[in-house]
Structure formats: C-alpha cells, structure tokens
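Just so you know, we're using our numbering here: the sequence shown kicks off at 200 and counts up by one. For each residue, glycine too, the CB sits at the ideal point set by N, CA and C. Okay, so here's the structure we're looking at.
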Amino acid sequence: MSKLFSPITIRGEEIPNRVFVAPMCQYSSETEDGHASAWHTVHYGTRAVGGAGLVMLEASSVRADGRITPWDLGIWDDSHVTSMGPVVEAIVGNGATPAIQLAHAGRKAAHGKPWEGSKMLSASEGGWETIAPSPISFQEDWNVPREMTLDDIGQLVDDFASAAKRSVNAGMKVIELHMAHGYLGCEFLSPLSNQRDDQYGGSLENRARFPLEITKAVRSAIPDSMPLFVRVSATEYMDNGWDVDECVEFSRWLKDEGVDLIDCSSGGNSATQSLTPFPGYQVQFSARIRSEAEVTTGAVGLITEAAQAEKILDDGDADVILLARELLRNPYWPIHAQTELDGAAEWPDQYKRVAELRNR
Ligand SMILES: Cc1cc2nc3c(=O)[nH]c(=O)nc-3n(C[C@H](O)[C@H](O)[C@H](O)COP(=O)(O)O)c2cc1C
Numbered sequence: 200m201s202k203l204f205s206p207i208t209i210r211g212e213e214i215p216n217r218v219f220v221a222p223m224c225q226y227s228s229e230t231e232d233g234h235a236s237a238w239h240t241v242h243y244g245t246r247a248v249g250g251a252g253l254v255m256l257e258a259s260s261v262r263a264d265g266r267i268t269p270w271d272l273g274i275w276d277d278s279h280v281t282s283m284g285p286v287v288e289a290i291v292g293n294g295a296t297p298a299i300q301l302a303h304a305g306r307k308a309a310h311g312k313p314w315e316g317s318k319m320l321s322a323s324e325g326g327w328e329t330i331a332p333s334p335i336s337f338q339e340d341w342n343v344p345r346e347m348t349l350d351d352i353g354q355l356v357d358d359f360a361s362a363a364k365r366s367v368n369a370g371m372k373v374i375e376l377h378m379a380h381g382y383l384g385c386e387f388l389s390p391l392s393n394q395r396d397d398q399y400g401g402s403l404e405n406r407a408r409f410p411l412e413i414t415k416a417v418r419s420a421i422p423d424s425m426p427l428f429v430r431v432s433a434t435e436y437m438d439n440g441w442d443v444d445e446c447v448e449f450s451r452w453l454k455d456e457g458v459d460l461i462d463c464s465s466g467g468n469s470a471t472q473s474l475t476p477f478p479g480y481q482v483q484f485s486a487r488i489r490s491e492a493e494v495t496t497g498a499v500g501l502i503t504e505a506a507q508a509e510k511i512l513d514d515g516d517a518d519v520i521l522l523a524r525e526l527l528r529n530p531y532w533p534i535h536a537q538t539e540l541d542g543a544a545e546w547p548d549q550y551k552r553v554a555e556l557r558n559r
C-alpha cells in the first residue's frame, strides 16, 4: 500500500489517508454575514466523495472585521455553528475528516471578491477599518491599518479561543490556525510588518508572542484529543524579512504549545516579494521544519501528481500532502491517484458503474 493512502493518527484522530484538501476561500457566504451556503455543502462534500482523507474549510474569520471579503465564512457567532452543520455532515457522511482554518485577515481585510478584481472596499461599499500590529499598509494604494492596542490583542486571543470552541460544537475534528500569507498572525511574525516597540515587537520572541498566545488559548479551549495545526509562511522572500531559520524556531515553540502539525506554505506578506514558483516549491520548507523542529508537517504548493506526492512522503519531507487547485480541477484526484499507486481504489457505491467499459 502507498504511504499516501495509508491512514495517519494525529492525537486522538485517525485520518483515513494523507491527501488533505488545503483551505480555499470560496467567497460564497450569500448573506454577507459569514454563514455557510449550499455552495459550501456541495463544494466540500464533493471533495469528500472524491476520496480526500481530510477536508479543510477555508479561512473562517473569528471576527467580522477579520474577513478578507464580506462573503467569507465566519465563526464569530453561535449561529455560524448551525449553518456549518450540513457542510460537516456532507464531509463526515462521505468518509472524510472535517477540519476548519481559523483566521483574521488583519491589514488584508475588507476587499471585494477576486473574480470582481479584489478591490479594496470603502465604508460606503461595505468596507471597514482594518487592524494590524503596526500602521503599515500592505501596498501603497491600500488602507493604512489601525495599530492594535494591548486591549485589541487580548480581545483577539479570546476571539480565537471562542471560535475554536464553536468549531468543536460544529463537529470539526481538526483545527488549523492561519498564521501565513500576510494575515494577522503572519503580520506579527514579520519584522517588516511588525514595527512595534512594546512586548509584541522587536525580537523573535516578542514578534511570536501574540501567535503563541493564540495557540495556547486555542489549545486549552479544545479537547486534549483534538489535533491542532498551524499554517505558516516559512519565508516572506524579502531582504531582512521573516525567514526559514526564524520559522524553524517558531515551529519548535508551537510544538511545545501542543501544536501537532505545521502546514508549510510561504509568502504573501509583501506586495514586492520575489518568488518564482515551481512544482513542489515549498516542500523544502516542510523538509527543514520536519527535521529541525522534529514536528509532523504537511507539504503544499504545486503538488499535482500521485508519484510526486508519494515521493515527498517516501523521502521523509512531509507526513501529509495538501492539495488546493488540483482538487478544484479534479475533485476525484484521490481516487485516480490511489488507482495509479495501489492498482485499485474504491469509488462510492453510487459511482461504481464508472468501472464498466465506456461503450457499455
Ligand atoms: C481559490 C483559493 C483560495 C485560497 N484560500 C486560502 C485560504 O483560505 N487559506 C489558506 O491558508 N490558503 C488559501 N489558499 C492557498 C492554498 O491553500 C494553497 O496553499 C495554494 O493554492 C498552493 O497550493 P496548490 O498549488 O495546490 O494550489 C487559497 C488558494 C486558492 C487557489
């Protein structure tokens, strides 16, 4: 049996295989109040039918002002638990483990949908004041965020913990904290976006303080048996910026706080980052964090082939593989990949006739 399709147990959770659906914003909360819609049920349910071992819901905001767009999923109110019910049912009912990514978009909040140009929204267009560690905009023509006070920081830690409890109530079996891609946690980690002169800025210890406080609060808000993941940007691809050495150290601290898996992404905190992606371009970060921080990792980014995914696991560069765009192109990728690697795979009962000859 391939490694890719062998189960993995993380804390108390056995996940049926190592193909995980990476978090992907759908911008499809029709009511603009963070509630899941029929789109979410169909989209996530289909990826479970397709054979992924874990299906992770998109960046779901712990507060209304933490959304990238007004159409993002939210988990800041108990009513969100109810609307997520059918989504969780569609994932679990089709054999996959349901997970959720908790997020706050910081200075990258308050924009339009990508397919409408991701335009920054003014107050009259439904936008809002953004917050960040320091009053530095992501790029010149974007809003300058308000610098967070110590009260804001304490409130946000509580908001993440409350969102984690709601996620448990919604039936999620795994929680991931979004500390990558230039969103709030990542903004604190970077010496370029965090120029505070209090205990939350300056040294690596200080820049990591807020992300670690969130981690600690979430860990103690969820059951001991529940896996906790953190998504990091391993580097921001900028001179004098956050880099892999700092990320390895940060990963060690996350592990000490009870984080079970580091999901290794990169970039997104600077509009002028210098990056040319290539197949598996972020696997190197997973390999380093896995070996140097001695923690379970996930590899993500331009992984599209079964043999490529299997080799990453075989080489010991990661423990699980997250796929994003390839699973949008083909939700049945896991079934095809398992057929390629193991010679056979189970289609759902309702689809068994796909095994018949095409001309019958
Ligand atoms: C439509 C779309 C939405 C995304 N939304 C998120 C998100 O909510 N959270 C996140 O951490 N990454 C997000 N990403 C990044 C993916 O999870 C993934 O890291 C990236 O696309 C690289 O993987 P891939 O080459 O398999 O697509 C998104 C990517 C896409 C294409």
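Item to check | Val417, buried or exposed, once every other Cβ within 10 Å from all chains shown has been counted against 16 | outcome: buried
Checklist entry - Alpha carbon to alpha carbon, how far is Asn216 from Ser490? => result 22 Å
Checklist entry - To the nearest whole angstrom, what separates the beta carbons of Thr414 and Leu453, a pair I think is in contact under 8 Å? => result 6 Å
Next on the checklist: With a threshold of 8 Å (Cβ to nearest heavy atom), would Ile502 be considered close to ligand 1?
Outcome noted: yes
Item to check | Inter-residue spacing [alpha-carbon to alpha-carbon] between Pro206 and Val218 | outcome: 10 Å
Item to check | Those residues which DSSP pairs with Asp462 across a bridge | outcome: Arg430 and Gly497
Item to check | Secondary structure, beta strand (DSSP E): runs of 3+ residues fully inside the segment 253-332 | outcome: 253-260 and 296-302
Checklist entry - Looking at Ala298 and Leu272, is the spacing between their C-beta atoms short of 9 Å? => result no
Checklist entry - According to DSSP, which residues form a beta bridge with Val220? => result Val254 and Leu522
Checklist entry - If you follow the alpha helix (DSSP H) that Leu383 is part of, which residue opens it and which one closes it? => result Leu383 to Leu388
Item to check | First through last residue of the alpha helix (DSSP H) which encompasses Leu355 | outcome: Leu349 to Asn368
Item to check | Simplified DSSP assignment, three categories, for Arg345 | outcome: strand
Item to check | Bridge-paired residues (DSSP) for Glu491 | outcome: In DSSP, Glu491 forms no bridge with anything.
Checklist entry - Which residues does DSSP pair with Leu375 in a beta bridge? => result One point to set straight first is that residue 375 is Glu, not Leu, in the sequence displayed. BP columns for Glu375 point to Gln300 and Phe428.
Next on the checklist: For a quick check, are the C-beta atoms of Val499 and Asp462 less than 9 Å apart?
Outcome noted: yes
Item to check | ligand 1 heavy atom lying under 8 Å from the CB of Val447 | outcome: no
Checklist entry - Alpha carbon to alpha carbon, what distance is there between Trp314 and Ile267? => result 14 Å
Checklist entry - Over what stretch of residues does the alpha helix (DSSP H) that includes Thr245 continue unbroken? => result Ala237 to Val248
Next on the checklist: Tell me whether the segment 275-284 and the segment 313-328 touch, counting them as touching only if at least three CB pairs, one residue from each stretch, are closer than 8 Å.
Outcome noted: no
Item to check | Where Thr503 sits in the DSSP three-state scheme | outcome: coil
Item to check | Reduced DSSP category for Thr208 - H, G, I as helix; E, B as strand; rest coil | outcome: strand
Checklist entry - Do three or more CB pairs link the segment 346-353 to the segment 248-263 at distances below 8 Å? => result no
Checklist entry - Apart from the five residues on each side of it in sequence, which residues of its chain come closer than 7 Å, Cβ to Cβ, to Thr240? => result Pro285, Val286 and Ala289
Checklist entry - Buried or exposed: where does Gly325 fall if 16 or more other Cβ atoms within 10 Å of its Cβ makes it buried? => result exposed
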